[in-house]
Amino acid sequence: MSLKFTHTTLGQRVLFGNGQATENLAAEVARLEAKTVMVIAGERGMELATAVAKDIDVAVWHDEVVMHVPVDVAERARTVSADNGVDLLVSVGGGSTTGLAKAISLTTGIPSIAVATTYAGSEATDVWGLTENDVKTTGSDVKVLPVAVIYDSELTLSLPVELSIASGLNGLAHCVDSLWAPNADPINAAMAAEGIRALNEGLPLIVEDSQDIHGRDLALYGAYLAAVSFASAGSGMHHKLCHILGGTFNLPHAQTHATVLPYVLAFNVDHAPEAAARMAAAFGVDDAVGGLNQLRARVNAPKALKDYGFTAEGIPAVVEQALATIPDSNPRPVTEENLTQLLTAALNGDDPATLRR
Ligand code: NAD
């Protein structure tokens with residue numbers, strides 16, 4: 004069969020180096036000739052941000068960071084940047100912090116550098132998200148893509164193991180979903196497969212020893228590939244479901260992704276033989292579902308949505324929104340009945356294999 008696809012590669016510099024964030028940030032700020040830098044970090048991340056930014060002149064420090072970027076939080080940050088004549092944003096943190104910088108870039112065009120400290124991968128996508136009245140809106144705009152990303156595994160050593168695993172599985176979900184998302188193509192599939200391989204190797208090392216730099220390197224590298232493949236392929240079924248769960252029920256982002264992933268995989272896998280073979284190979288086993296199960300057991304992955312406050316009463320609302328948004332590219336057709344079944348299994352932490360067909 005001949006290959007036919009259109010692929011967009013987003014332009015961004017990636018500076019990867021353990022113990023080198025401070026040096027790499029100073030070099031990037033100089034390269035961009037920025038005069039008025041605003042550093043964004045959550046209150047708890049400010050200590051890390053202060054160390055990372057110690058060799059640059061910082062005009063403004065901003066620490067009001069809230070998950071899913073409420074519009075009023077974004078508005079205040081935009082006002083601060085405008086009042087101070089900021090010409091470069093530096094975010095130091097996870098997806099919530101990167102997301103706030105993106106919200107500023109979206110309306111002002113001010114570029115950003117992202118120093119990533121989780122495995123969410125927002126730093127490598129042109130996707131922004133804003134939340135108003137419990138509804139999260141997302142969109143893509145190249146203006147919000149950080150001009151440079153700085154990865155330094157030392158900055159992730161403080162990320163608690165449990166959160167590291169949830170966040171790493173969020174990265175893995177980007178890889179899996181990108182194999183059947185609307186713009187899936189062989190280039191992002193190749194990156195997704197390498198992302199699965201790296202995360203599958205790295206996450207267990209972090210569980211064995213949270214200070215294992217090699218494990219942390221593999222997780223960051225895998226998370227980056229995951230995000231690049233997701234940015235190119237678009238949102239598939241998994242992301243649509245998690246987006247609704249996060250936005251409407253305010254469930255924690257990484258844990259929700261980590262919990263839902265095995266259910267979406269089991270639901271789709273027998274309808275997507277090529278993706279299934281690619282994933283199995285990346286896990287180094289014969290069956291993708293078995294590969295993910297093995298990894299989840301080794302890292303003690305989050306198991307049930309009920310552990311994060313979701314209840315059966317919420318299922319119909321998720322199903323209704325999901326039916327309207329899950330793309331036609333999904334390998335298995337979705338119905339009210341099979342989505343209810345999937346969400347019920349994820350709610351209770353039932354064996355995902357029951358969803359296979
Ligand atoms: P987060 O940024 O909310 O961080 C989770 C927690 O970890 C916070 O309490 C934070 O303070 C803490 N933390 C972060 N780094 C740490 C470190 N190195 N050491 C100790 N603690 C640390 O969570 P997240 O999962 O990274 O991001 C979630 C948000 O990002 C969601 O809003 C999600 O929608 C968004 N997101 C967007 C994209 C995109 O492409 N736009 C992709 C992924 C995630």
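Just so you know, we're using my numbering here: the sequence shown kicks off at 4 and counts up by one. The beta carbon of each residue, even a glycine, is placed where N, CA and C say it ideally should be.
Exercise for review: Within the region 81-106, note down every full alpha helix (DSSP H) run reaching 4 residues or more, in order along the chain.
Suggested key: Counting only runs of 4 or more, we get nothing.
Check your understanding: How long is the line joining the alpha carbons of Pro334 and His274, rounded to whole angstroms?
Key -> Your numbering for residue 334 matches position 331 in the sequence shown. Your numbering for residue 274 matches position 271 in the sequence shown. Approximately 5 Å between the Cα atoms of the pair.
Check your understanding: So who's on the other strand from Phe19, going by DSSP bridges?
Key -> Residue mapping note: residue 19 aligns to position 16 of the sequence shown, counting from 1. Residue pairing for Phe19: DSSP places it in a beta bridge opposite Tyr154.
Review point. Taking the C-alpha atoms as reference points, what is the distance between Ala222 and Asp155?
Key: Numbered from 1 along the sequence shown, position 219 holds the residue referred to as residue 222. Numbered from 1 along the sequence shown, position 152 holds the residue referred to as residue 155. Between Ala222 and Asp155, the C-alpha separation is close to 11 Å.
Review point. What span of residues does the beta strand (DSSP E) with Ala133 cover, start to end?
Key: Position 130 of the sequence shown, counted from the start, is the residue given in the question as residue 133. A quick correction: the sequence has Leu, not Ala, at residue 133. Val130 to Glu135 is the extent of the beta strand (DSSP E) around Leu133.
Practice item. Check Pro276 in the structure and name its three-state DSSP category. Key: Your numbering for residue 276 matches position 273 in the sequence shown. The answer is helix: DSSP assigns Pro276 an H, G or I state.
**Study point:** C-alpha distance - Val42 paired with Ser84, whole-angstrom precision
**Key:** As a working mapping, residue 42 is identified with position 39 in the sequence shown. As a working mapping, residue 84 is identified with position 81 in the sequence shown. About 10 Å.
**Study point:** Where His65 sits in the DSSP three-state scheme
**Key:** Here residue 65 corresponds to residue number 62 of the sequence shown, with the count starting at 1. In this structure, His65 counts as strand in the three-state DSSP scheme.
**Study point:** Cβ neighbour criterion (16 or more within 10 Å) applied to Thr11
**Key:** As a first step, residue 11 is located in the sequence shown; it is residue number 8 there, counting from the start. That one is exposed.
Point to revise | Inside the region 281-315 only - alpha helix (DSSP H) runs reaching at least 4 residues | key: Taking only runs of at least 4 residues, the alpha helix (DSSP H) segments lying wholly in the region 281-315 are 291-302.
Point to revise | C-alpha distance - Asn173 paired with Thr39, whole-angstrom precision | key: Position 170 of the sequence shown, counting from 1, holds the residue named residue 173. Position 36 of the sequence shown, counting from 1, holds the residue named residue 39. So the alpha carbons of these two residues sit roughly 34 Å apart.
**Study point:** Rounded straight-line distance, which links the Cα of Glu340 to that of Val152
**Key:** Residue numbering aside, residue 152 sits at position 149 when the sequence shown is read from its first letter. Residue numbering aside, residue 340 sits at position 337 when the sequence shown is read from its first letter. The C-alpha of Val152 lies about 42 Å from the C-alpha of Glu340.
Exercise for review: Say yes only if the C-beta of Leu92 is nearer than 7 Å to one or more non-hydrogen atoms of the ligand NAD, and no if none qualify.
Suggested key: For the purposes of this step, residue 92 is taken as the residue at position 89 of the sequence shown. For the ligand NAD, not one heavy atom lies less than 7 Å from the Cβ of Leu92.
Review point. How big is the Cα-Cα spacing for Val302 and Thr82?
Key: As a working mapping, residue 302 is identified with position 299 in the sequence shown. As a working mapping, residue 82 is identified with position 79 in the sequence shown. Each residue's alpha carbon lies about 42 Å from the other.
Review point. Run through DSSP, which three-state label would Thr343 get?
Key: In the sequence shown, residue 343 corresponds to position 340, counting from 1. Secondary structure of Thr343 (DSSP, three-state): helix.
Practice item. For Ser115, write down the residues that DSSP places opposite it in a beta bridge. Key: As a working note, residue 115 is residue 112 in the sequence shown. Its beta-bridge partners are Leu92.
Practice item. In the DSSP assignment, find the unbroken alpha helix (DSSP H) run with Ile329 in it and report its ends. Key: As a working mapping, residue 329 is identified with position 326 in the sequence shown. Counting along the chain, Ile329 falls outside any alpha helix (DSSP H), and DSSP gives it neither H nor E.
Check your understanding: Assuming Val147 contacts Leu264 under a Cβ cut-off of 8 Å, what Cβ separation, rounded to an integer in Å, is found between them?
Key -> Counting from 1 along the sequence shown, the entry for residue 147 is found at position 144. Counting from 1 along the sequence shown, the entry for residue 264 is found at position 261. About 25 Å separates the two Cβ atoms, so there is no contact after all.
**Study point:** Beta-carbon proximity of Ala196 to Gly124, cut-off 8 Å
**Key:** The residue you call residue 196 lines up with position 193 of the sequence shown. The residue you call residue 124 lines up with position 121 of the sequence shown. Their beta carbons are not under 8 Å apart, which means Ala196 does not touch Gly124 by this criterion.
Point to revise | Length of the line joining the Cα atoms of Gly97 and Ile107 | key: Position 94 of the sequence shown, counted from the first residue, corresponds to residue 97. Position 104 of the sequence shown, counted from the first residue, corresponds to residue 107. Taking the CA atoms as reference points, Gly97 sits about 16 Å from Ile107.
Point to revise | Assigned secondary structure, Gly142 (DSSP; H/G/I helix, E/B strand, else coil) | key: To locate residue 142, count along the sequence shown from 1; it is residue 139. Secondary structure of Gly142 (DSSP, three-state): strand.
Practice item. Classify Ile216 as helix, strand or coil using the three-state DSSP reduction. Key: In the sequence shown, residue 216 corresponds to position 213, counting from 1. Three-state DSSP puts Ile216 in a helix.
Exercise for review: Return the CA-CA distance between Ala284 and Ala291, expressed in angstroms with no decimal places.
Suggested key: Start at 1 with the first residue of the sequence shown, and residue 284 comes out as number 281. Start at 1 with the first residue of the sequence shown, and residue 291 comes out as number 288. The C-alpha of Ala291 is placed about 8 Å away from the C-alpha of Ala284.
**Study point:** Nearest candidate by alpha-carbon position, reference Ala176, set Ile216, Ala236 and Thr141
**Key:** Locating residue 176 in the sequence shown gives position 173, where the first residue counts as 1. Here the closest residue by C-alpha is Ala236.
Practice item. Using only the heavy atoms of the ligand NAD, determine whether one of them is closer than 7 Å to the beta carbon of His71. Key: The residue given as residue 71 occupies position 68 in the sequence shown. Answer for His71: yes, Cβ within range of the ligand NAD.
Check your understanding: Do we get a CB-CB distance below 8 Å when we pair Leu92 with the residues of chain C?
Key -> No chain C appears in the structure shown, which is made up of a single protein chain.
Practice item. Could you tell me whether the region 133-150 touches the region 243-254, using the rule of 3 or more Cβ pairs below 8 Å? Key: The count of Cβ pairs closer than 8 Å, one atom from the region 133-150 and one from the region 243-254, reaches three, so the stretches are in contact.
**Study point:** 8 Å Cβ cutoff met for Pro330 and Ala184
**Key:** As a first step, residue 330 is located in the sequence shown; it is residue number 327 there, counting from the start. As a first step, residue 184 is located in the sequence shown; it is residue number 181 there, counting from the start. When the beta-carbon positions are compared, Pro330 and Ala184 come within less than 8 Å of each other.
Check your understanding: Regarding Gly97 and the ligand NAD, is the C-beta to nearest heavy atom distance less than 7 Å?
Key -> Taking the sequence shown and counting its residues from 1, the one referred to as residue 97 is at position 94. Indeed, a heavy atom of the ligand NAD lies less than 7 Å from the Cβ.
Review point. What is the residue span of the beta strand (DSSP E) that Met41 lies within?
Key: For this step, residue 41 is matched to residue 38 along the sequence shown. Element bounds for Met41: Val40 to Ile43.
Check your understanding: By DSSP, does Pro73 sit in helix, in strand, or in coil?
Key -> To locate residue 73, count along the sequence shown from 1; it is residue 70. Looking at Pro73 - three-state DSSP - the assignment turns out to be strand.
Check your understanding: Based on Cα-Cα distance, which residue from Met70, Glu46, Gln23 and Glu78 lies nearest to Asp58?
Key -> In the sequence shown, the residue the question calls residue 58 occupies position 55. For Asp58, the nearest C-alpha among the options comes from Gln23.
**Study point:** Through-space distance from Gln214 to Gly20, alpha-carbon basis
**Key:** For the purposes of this step, residue 20 is taken as residue 17 along the sequence shown, with counting starting at 1. For the purposes of this step, residue 214 is taken as residue 211 along the sequence shown, with counting starting at 1. Those two C-alpha atoms are separated by around 16 Å.
Exercise for review: Run the proximity test for Trp131: is its beta-carbon closer than 7 Å to any non-hydrogen atom belonging to the ligand NAD?
Suggested key: Mapped onto the sequence shown, residue 131 falls at position 128. Flag set: Cβ of Trp131 near the ligand NAD.
Check your understanding: Helix, strand or coil: how does DSSP classify Glu36 here?
Key -> Working through the sequence shown from its first residue, we reach residue 36 at position 33. Correct three-state label for Glu36: coil.
Check your understanding: If we ignore side chains and look at the alpha-carbon of each, how far apart do Val322 and Leu342 end up?
Key -> Stepping through the sequence shown from its first residue, residue 322 is reached at position 319. Stepping through the sequence shown from its first residue, residue 342 is reached at position 339. Cα to Cα, Val322 sits roughly 6 Å from Leu342.
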